[in-house]
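In this note's numbering, the protein residues as written are 796 to 1037.
Read the structure below first, then the notes.
As structure tokens, this is what we get:
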């Protein structure tokens, strides 16, 4: 089988984690891919990722700052999208329309409408669309799922999730609704929404939820409450899913 020609779109922090995972595959002789391009509006980010790939792959991916140019010039078969949440649909749809398979960081879209636009584009183009959801692939979650499917712990009736923390440090673009959507409510909640489906083996029929913001500021030094900036994402949610 010929290696899949893969491109990265968005070469910031999480893209680096993806590259490290690809390097681990490469080191274990799972060479089913070739990273051929790295695209980011900040050329330095794309260059850094390309150099990281070159270190284990041997050849350096082409560097782009324009998605359209990359799709027109590079021989890309699949993309790994690691952009801001607000850009997921604006990147995924052109890629799908160009006949390219898409792996996209969670959440799928910044809104339900944006997510549906991406899914509709994948159906129309008859291309693969996948979300890089990692929680269900962890050994502990696989073990839980196996135990449920084997009937070892009875039939699950209720799935309870509680996630509490005091993350008052600045988190870049994730602190702002137009870029992130809903802060940790969306960023972390998407993991557990996926685990609900995975372990219970069903889709949600009814959802009741409320969100609110308890802490409107984030800080350079949270313990001293110094270096504040105002944020507008919600930082709390309560939901019942039936």
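Each residue gets a CB set at the ideal place from its N, CA and C atoms; glycine is no exception.
Since the model is a prediction, treat every value here as computed from it, not as a measurement.
Contact check for residue 877 and residue 863: beta-carbon distance about 18 angstroms, past the 8 angstroms limit, so the pair fails to qualify.
Shown here, residue 1023 sits in a strand according to DSSP, grouped into three states. Burial is judged here by how many other beta carbons sit within 10 angstroms of a residue's own beta carbon; residue 1009 has fewer than 16 and is exposed. Judged by beta-carbon spacing, residue 801 lies within the 9 angstroms limit of residue 831, meaning their Cβ atoms are closer than that value. Every unbroken stretch of the beta strand (DSSP E) spanning 3 or more residues and falling wholly within the segment 848-887 is given here in chain order: 857-859, 873-876. In the three-state DSSP reduction, residue 1029 falls in the coil class, being neither helix nor strand. Within the model, the alpha-carbon separation for residue 898 versus residue 852 is close to 20 angstroms. For residue 918, the enclosing alpha helix (DSSP H) stretches over residues 907-920. Take the alpha-carbon of residue 1029 and the one of residue 972: they are about 8 angstroms apart. Secondary structure within the segment 813-847: the beta strand (DSSP E) runs of 3 or more consecutive residues, fully enclosed, are 828-834 (chain order). Put simply, of 803, 944, 871 the residue whose alpha carbon is nearest the alpha carbon of residue 840 is 803.
Taking the C-beta atoms as reference points, residue 874 is found no nearer than 9 angstroms to residue 828. Pairing residue 963 with residue 1013 gives a Cβ-Cβ distance under 9 angstroms.
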